[in-house]
Structure formats: C-alpha cells, structure tokens
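S.K.: So the sequence shown is numbered by this note's numbering: it starts at 1421 and just counts up by one.
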Amino acid sequence: MLHVAKLTSIADYFVLCSGESERQVRAIADSIDETLSTQHLPPLGTEGGPTAKWIVMDFGDVVVHIFHQAVRDHYGLEKLWADATRVRLPAGASAAPVKARAGSTKSRASRAGR
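1) When the distance is taken between beta carbons, is threonine 1471 closer than 8 Å to glutamate 1442?
2) Does the Cβ-Cβ distance between alanine 1453 and methionine 1477 come in under 8 Å?
3) Under DSSP, the alpha helix (DSSP H) around leucine 1436 begins and ends at which residues?
4) Just to check my reading of the structure: alanine 1431 and valine 1507 have Cβ atoms closer than 8 Å, yes? What is that Cβ distance to the nearest angstrom?
5) Determine the DSSP secondary structure at aspartate 1450, reduced to helix, strand or coil.
6) Given lysine 1473, which residues of its chain have a CB within under 6 Å of its CB, disregarding the five upstream and five downstream residues?
7) Report buried or exposed for serine 1457, applying the criterion of at least 16 other Cβ atoms within 10 angstroms of its Cβ.
8) Taking C-alpha atoms, which residue in His1494, Pro1462, Leu1500, Gly1468 lies nearest to valine 1445?
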C-alpha cells in the first residue's frame, strides 16, 4: 500500500510504501532510483541498511520511505504525519513520467547543502 502525504517544511511530499520481503523493499528502491535517474532526477541521498528493512530516498521535494511491512507497522509513521493531507494512489498504478515543477518551494541545490 502506498500513501503520499503533503507536508510543509521537510518536503513537499512524503511517500510511504512497503514490501513483503527485504528483496522486494530493495527492488522498489532500485526501481524508483532507475526511473527517476533516467529523467535526470537522481536522489540527493539514500539511507538504508544492508538488510533493506527501511530505505529512505531524498529527492528534495519528495522524501520516499520504503519499509519492510513489519517495520512499517512497528513505527507507524502515518501517525506522526496524521495532520498532513493524504493522497492515496491505487495499488498497481503505473509510474507516470515525472517532470520538475516550476516554482517548487525547495530547490534541489538548497536541499543538497543541508
């Protein structure tokens, strides 16, 4: 299941998704990285242990958290951002090409220096 939350100072969007195995979590991260890198939008940073139970990818305006389902259930980040406006995407939705937005609230250059 995938949730996208609209935020304020940390990022424009905060994406939470999960996989059923460490291999699936890594595959999701690899797919996101490959898709956005081909559009010249590589992550500013990626964090995640070798066990791939939780991977965080920072794309400046968007921060993606990819969890192993048990870890997602344990930490419940959805509760921390309960006041954020949620955008629920349908399961199996294909990734549409991403275009850089004009007038974004946070520039990639300013986020890279933090």
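Where is the CB? At the ideal position from N, CA and C, for every residue including glycine.
M.R.: Taking the coordinates as given:
1) As a first step, residue 1442 must be located in the sequence shown, where it is residue number 22. As a first step, residue 1471 must be located in the sequence shown, where it is residue number 51. Result yes, Cβ atoms of glutamate 1442 and threonine 1471 sit closer than 8 Å.
2) For this step, residue 1453 is matched to residue 33 along the sequence shown. For this step, residue 1477 is matched to residue 57 along the sequence shown. Alanine is not the amino acid found at residue 1453; the sequence shown has aspartate there. Cβ atoms of aspartate 1453 and methionine 1477: closer than 8 Å.
3) Along the sequence shown, read from residue 1 onward, the residue named residue 1436 stands at position 16. That residue, leucine 1436, is in no alpha helix (DSSP H); its beta strand (DSSP E) goes 1433-1439.
4) Here residue 1431 corresponds to residue number 11 of the sequence shown, with the count starting at 1. Here residue 1507 corresponds to residue number 87 of the sequence shown, with the count starting at 1. That pair is no contact at about 13 Å.
5) Here residue 1450 refers to the residue found at position 30 of the sequence shown. Helix, per DSSP.
6) Reading the sequence shown from its first residue, position 53 is the one you call residue 1473. If we look at lysine 1473 and ignore the five residues flanking it on each side, its Cβ neighbours are His1488, Val1491.
7) Residue numbering aside, residue 1457 sits at position 37 when the sequence shown is read from its first letter. When all chains shown are included, serine 1457 counts as exposed.
8) Residue numbering aside, residue 1445 sits at position 25 when the sequence shown is read from its first letter. By alpha-carbon distance to valine 1445, the top candidate from His1494, Pro1462, Leu1500, Gly1468 is Gly1468.
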